[in-house]
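Peer 1: Mapping of the sequence shown onto this note's numbering: position 121 corresponds to residue 142, and the numbering continues sequentially without gaps.
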Amino acid sequence: NLETLELQVVFTTHSPTIVDMLDHEHVVLCKRRNGCTRELEVSVSQIQASFFEDHGINRSAYYKFHQRRNSEFLFADFVVVTESPIDAAVVEYLLADSGNPPDRLGISIVPLDGGVTHGSVDHMYHLLRELEIPAAFVVDRDYFLPYSKGRREDSIDNRGFPQYAEEVQPNSLLNEIVEKPNERIRLISDLRTRPSAAMKDLIPRGFFCFMW
């Protein structure tokens, strides 16, 4: 009914039901923070009108992926994005086992339902950055590098581990998060042969990459 009014309507809500009905362009996120001159300040963030064009994102594919799951991350202080629900369960267990359950830390763990097709990692990465929500991304190495022989089952070595090509997956964010070509070349090499070293480089950029 609000959308049928020929008016600009502004309302505040903490309701997940309402938030999940909204397009992201229509959300203005307000966060409390400690200020330098005042005890309490409010930061305001919103994606730009040119968001989809700026990042080369197909709007209809974007919303087909999100399925209006806004409340999973808009109310969080920190978001952990994983490739699948299984990965999300592992991260949640590790946090709880360390004595830091996600809800106590204001962390929301958002799984991408078993894959990174159609730019789903890109969608979350750009959206969370635009809204200034801190985030980390947990992915497998094949998010960054393709398998050496195309398919995983054809790229297994004699120890049973998959091998990777020395090139960047076309849909990954590697070229964006590592802007310097020499650093990118080194990271690609490390992802292939020294995954522990690659992980150390990726963590400051907000990515955690499983070895196997």
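Just so you know, even glycine gets a beta-carbon here, dropped at the ideal spot from N, CA and C.
1) Take the Cβ of residue 42 as the centre, count every other Cβ of all protein chains shown within 10 Å, and call the residue buried at 16 or more, exposed below.
2) DSSP on residue 99, reduced to helix/strand/coil?
3) Distance check for residue 184 and residue 172, CA to CA, integer angstroms please.
4) So, with DSSP's three-state summary, where would you put residue 30?
5) Does residue 217 come out as helix, strand or coil in the three-state DSSP assignment?
6) If you draw a straight line from the alpha carbon of residue 98 to that of residue 153, how long is it in whole angstroms?
7) Which one of 47, 91, 109 has the shortest CA to CA distance from residue 37?
8) Using 10 angstroms around the beta-carbon of residue 32, count the other beta-carbons present and answer buried if the total reaches 16, otherwise exposed.
9) By a C-beta neighbour count over all protein chains shown, 10 Å radius and 16 as the cutoff for buried, is residue 54 buried or exposed?
10) Just checking: is the beta-carbon of residue 35 within a distance shorter than 8 Å of some beta-carbon in chain B?
11) Can you give me the C-alpha to C-alpha distance between residue 51 and residue 67, rounded to a whole angstrom?
12) Got a sec? Which residues, its chain only, sit under 6 Å from residue 45 by beta carbon, not counting five neighbours each side?
13) If residue 106 and residue 116 are in contact, beta carbons under 8 Å, what's the gap, nearest whole angstrom?
14) Is the beta carbon of residue 216 closer than 8 Å to that of residue 162?
15) Could you tell me the distance, in whole angstroms, from the CA atom of residue 40 to the CA atom of residue 157?
16) When burial is assigned at 16 or more other CB atoms within 10 Å of the CB, is residue 70 buried or exposed?
17) If residue 229 and residue 223 are in contact, beta carbons under 8 Å, what's the gap, nearest whole angstrom?
18) Assuming residue 103 contacts residue 130 (C-beta within less than 8 Å), just tell me the rounded distance between them.
19) For residue 48, which option in 24, 58, 95 has the closest C-alpha, if you only look at C-alpha atoms?
Peer 2: Once the coordinates are examined:
1) exposed
2) If DSSP states are grouped into helix, strand and coil, residue 99 belongs with the strands.
3) 10 Å
4) coil
5) helix
6) 10 Å
7) With distances taken between Cα atoms, residue 37 lies closest to 91.
8) exposed
9) exposed
10) Chain labels in this structure do not include chain B; a single protein chain is all it has.
11) 9 Å
12) 68
13) Not quite, the Cβ-Cβ distance comes to about 16 Å (not below 8 Å), so this is no contact.
14) yes
15) 23 Å
16) Exposed is the label assigned to residue 70, since fewer than 16 other Cβ atoms lie within 10 Å of its Cβ.
17) So it is a contact: roughly 7 Å between Cβ atoms.
18) 7 Å
19) 95
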